[in-house]
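Student: Our numbering puts the sequence shown at residues 311 to 566.
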Amino acid sequence: MFSKAFVRQPSENFADGLTSVDLGVPVFETALVQHRAYCEALVRCGLSLIELEPDPKYPDSTFVEDTAVLTESCAVIMQPGARSRCGEIVSMTGTLAKYYDKLDAIRPSGTIDGGDVCQIENHFLIGISDRTNEEGARQLSKYLGAAGYTSSRIDIRGMDGLLHLKSGISYLGENRLLVTDALAGEKELDGFEIVGVPEGEEYAANCIRVNDYLLIAAGFPKLCEKLEALGYKIIELEMSEFQKMDGGLSCLSLRF
Numbered sequence: 311m312f313s314k315a316f317v318r319q320p321s322e323n324f325a326d327g328l329t330s331v332d333l334g335v336p337v338f339e340t341a342l343v344q345h346r347a348y349c350e351a352l353v354r355c356g357l358s359l360i361e362l363e364p365d366p367k368y369p370d371s372t373f374v375e376d377t378a379v380l381t382e383s384c385a386v387i388m389q390p391g392a393r394s395r396c397g398e399i400v401s402m403t404g405t406l407a408k409y410y411d412k413l414d415a416i417r418p419s420g421t422i423d424g425g426d427v428c429q430i431e432n433h434f435l436i437g438i439s440d441r442t443n444e445e446g447a448r449q450l451s452k453y454l455g456a457a458g459y460t461s462s463r464i465d466i467r468g469m470d471g472l473l474h475l476k477s478g479i480s481y482l483g484e485n486r487l488l489v490t491d492a493l494a495g496e497k498e499l500d501g502f503e504i505v506g507v508p509e510g511e512e513y514a515a516n517c518i519r520v521n522d523y524l525l526i527a528a529g530f531p532k533l534c535e536k537l538e539a540l541g542y543k544i545i546e547l548e549m550s551e552f553q554k555m556d557g558g559l560s561c562l563s564l565r566f
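The structure is reproduced here in structure tokens:
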């Protein structure tokens with residue numbers, strides 16, 4: 311169960327951030343409306359929010375998930391794989407120090423984005439990607455192991471549509487994973503109940519289970535129907551402006 315979340319409102323130069331897709335320029339005013347709805351949904355799920363100030367020095371900084379991995383037992387500061395984002399960890403380190411007695415940190419030459427780290431109860435899947443390298447994964451595994459967690463790795467380099475591991479996988483609870491076709495055959499997923507994402511709705515694979523609710527991107531009716539049939543209480547959220555910048559639902563908060 312989560313009780314708190316860090317969020318950061320987009321800055322006015324949000325459109326200057328990194329993106330690998332060609333979906334048009336995000337509309338800042340619309341992004342603000344969507345971000346506010348996202349925050350209201352987290353509150354509805356029972357979380358109290360720690361709202362960080364927009365940081366125009368780092369246009370991607372609304373995607374706070376990439377800066378840290380938080381658990382009940384440890385907090386690890388990431389080392390973003392994109393050089394333009396490395397400064398984001400400075401303010402996040404200072405913020406997290408107010409909530410954790412000890413902070414571990416990934417050191418160069420390790421690189422790792424939080425979007426490549428999927429927690430499944432006491433186990434973590436770590437994606438090796440264009441943003442996360444083997445050394446970053448090794449360091450994170452060491453810190454997690456010291457805190458009593460296990461971990462394993464999936465190499466997603468070259469997989470279509472996957473900037474991060476969590477672009478194609480989400481843990482739904484109850485030993486159940488939501489997975490795109492790109493990841494469905496990975497041996498590290500053996501033993502889990504796999505819920506496949508309908509063709510054409512892959513973006514919605516990035517969803518988040520927050521206590522009694524499942525937050526999913528709006529506009530993906532086949533997946534929504536599938537998840538409702540499994541008994542999930544769904545909150546649909548418009549994410550169009552964040553999708554233009556490679557962002558998904560999990561990217562916009564650090565929940566703990």
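Glycine included, C-beta positions come from ideal geometry on N, C-alpha and C.
(1) Arg393: buried (16+ other C-beta within 10 angstroms of its C-beta) or exposed?
(2) Taking the C-alpha atoms as reference points, what is the distance between Gln389 and Asn443?
(3) Just the Cα atoms here: how many angstroms apart are Pro364 and Thr372?
(4) I'd like the list of long-range same chain contacts for Gly529, defined as Cβ closer than 6 angstroms, with 5 residues on each side in sequence excluded.
(5) Following a CB-centred definition, is Leu488 positioned closer than 7 angstroms to any heavy atom of the ligand FMN?
(6) Which residues bound the beta strand (DSSP E) around Ile430?
(7) Please classify Thr490: does DSSP put it in a helix, a strand, or coil?
(8) Does Arg441 pass the burial test, meaning 16 or more other C-beta atoms within 10 Å, or should it be called exposed?
(9) Which residues mark the beginning and the end of the beta strand (DSSP E) in which Tyr481 is found?
(10) By the 10 Å Cβ neighbour count, where 16 or more other Cβ atoms means buried, how is Arg417 classified, buried or exposed?
(11) Give, in chain order, every unbroken run of the beta strand (DSSP E) that is at least 3 residues long and sits entirely within the stretch 488-565.
(12) Determine whether the beta carbon atoms of Ile545 and Tyr523 lie at a separation below 8 angstroms.
(13) Report the rounded CA-to-CA distance for Tyr409 versus Lys536, giving the unit in angstroms.
(14) Quickly, what does DSSP pair Ile466 with across the bridge? List them, please.
(15) List the DSSP bridge partners of Thr329.
(16) Looking at the strands, I want to know which residues DSSP matches up with Leu380.
(17) Write down every uninterrupted run of the beta strand (DSSP E) in the stretch 344-372 whose length is 3 residues or greater and which is fully enclosed by it, in chain order.
(18) Count the other CB atoms within 10 Å of the CB of Ala385; is the residue buried (16 or more) or exposed (fewer)?
(19) Decide if Met555 is buried, meaning its Cβ has at least 16 other Cβ atoms within 10 Å, or exposed.
(20) Tell me, please, whether the stretch 444-463 touches the stretch 482-493 by the rule of three or more beta-carbon pairs shorter than 8 angstroms.
(21) Along the chain, where does the alpha helix (DSSP H) containing Lys452 start, and where does it finish?
Tutor: According to the data block:
(1) exposed
(2) 10 angstroms
(3) 7 angstroms
(4) none
(5) Of ligands this structure carries none, so the ligand FMN is not represented either.
(6) Val427 to Ile430
(7) coil
(8) buried
(9) Ile479 to Gly483
(10) exposed
(11) 503-506, 518-520, 523-527 and 544-547
(12) yes
(13) 38 angstroms
(14) Looking at the DSSP assignment, Ile466 forms no beta bridge with any residue, so it has no partner.
(15) Bridge partners of Thr329: none, in fact.
(16) Ala385
(17) 358-362
(18) buried
(19) buried
(20) no
(21) Glu444 to Ala456
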